[in-house]
Amino acid sequence: MVNAVQPEQIPTWLKIIKLLRWDKPAGRLILMIPALWAVFLAAEGKPPLPLVGVIILGTLATSAAGCVINDLWDRNIDPQVERTRSRPLAARALSLKVGIIVAIAALICAAILAFYLNWFSFFLCCLAVPVIVCYPLAKRIFPIPQLVLAIAWGFAVLISWSAVTGNLTTSTWLLWAATVSWTLGFDTVYAMSDREDDRKIGVRSSALFFGDYAADAVGVFFAATVAFLAYLGVISSLGIGFWLAWGIAVVGWIWQYTRLRLPEVPKPVYAAIFRENVWLGFIVLAGIVTGSLIR
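Residue numbers (this note's numbering): 1 to 295.
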């Protein structure tokens, strides 16, 4: 029998990759998607490529920093949760000092990229930092911490949109609302897999708050996302490409809701639904691009 690799045998750089969650691209991409929705919609399908590059790198740096900050706050909680006990800080594979250094480095990278943006977008970047830093605390005191995460996600829309136009419009806020409701939906699904552990250790989540109605709450959040995107498509005069993508996404979210409503939902299903939302997000992005270019 081959012995399992012990944490101390794993190279430090691989532990840092795991700390940054770059070994799990779904969580990184799902933050990038609303930012790309915003930049392509604000630029009517033709944003400057350097700006797109900055936004992609900026979301990677920001989400990495958010993951490390979350793990720093939760280093004594994560060992008590099945899904998170193997994280480097929880498993004590990396020291607290290394975690702080990595978090600061990621924030510095994000700040450097933010200097490329206009002053208003840079100001929004600064406003987003306290929300990102305080999100882990919300799990201790706020009944629906996923709302705090959703607001943090919403900054990706505000920052990216204003980077193109220098201001915020009704369309911006509709896209922001769609992003917040979508995030509430998929992150409540994510939290549903941790309900037993969270209840034992006293951590709060939307999945616990809604209890037996958690699946229905997810359905409402996805329905709100559908409605906001539809209204956005109408007032933005988006073409048929958007509506085709919107229709596919609607079918996807309905399918996810019906699976969550089953009497017994295996834990892997929650993670699968989370990953599926990455694909649905990219489908909507394709619709925004084509719907903006071909009206």
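Even for Gly, the Cβ is constructed at its ideal location relative to N, Cα and C.
Within 8 Å, strictly: CB atoms of Ala65 and Ala103: yes
Which of the three DSSP states is assigned to Thr84 in this structure? coil
Same chain, Cβ closer than 7 Å to Val5, five either side skipped, listed in chain order: Its pLDDT being 44, under 50, Val5 is placed unreliably in this model, and the value from its coordinates should be taken loosely. Correct list: empty, nothing qualifies.
Do you know how far the Cα of Cys134 is from the Cα of Val98? 20 Å
By the three-class DSSP mapping on this structure, what secondary structure does Pro50 have? helix
Suppose contacts are defined by Cβ-Cβ distances below 8 Å. Is Trp37 in contact with Ile288 by that definition? yes
Using the three-state DSSP reduction, which class does Ser206 fall into: helix, strand or coil? helix
Are the beta-carbon atoms belonging to Ile30 and Asp23 less than 8 Å from one another? no
Among Leu184, Val203, Pro50 and Leu238, which residue has its Cα nearest to the Cα of Ser171? Leu238
Can Leu117 and Val189 be called in contact, C-beta distance under 8 Å? no
Taking only the alpha-carbon atoms, compute the straight-line gap between Pro268 and Phe115 and give it to the nearest angstrom. 41 Å
Nearest neighbour of Arg296, chosen from Asp212, Val278, Pro136 and Ala271 [CA to CA]: With the chain covering 1 to 295 only, the question about residue 296 has no answer from this structure.
What alpha helix (DSSP H) runs, 4 residues minimum, are completely inside the segment 125-204? 145-165, 170-192 and 195-201
Applying the criterion that 16 or more other CB atoms from any shown protein chain within 10 Å of the CB defines a buried residue, is Thr59 buried or exposed? buried
When the distance is taken between beta carbons, is Leu208 closer than 8 Å to Asp216? no
Going by alpha carbons, who is nearest to Ile283 out of Leu244, Val234, Ala224 and Ile101? Leu244
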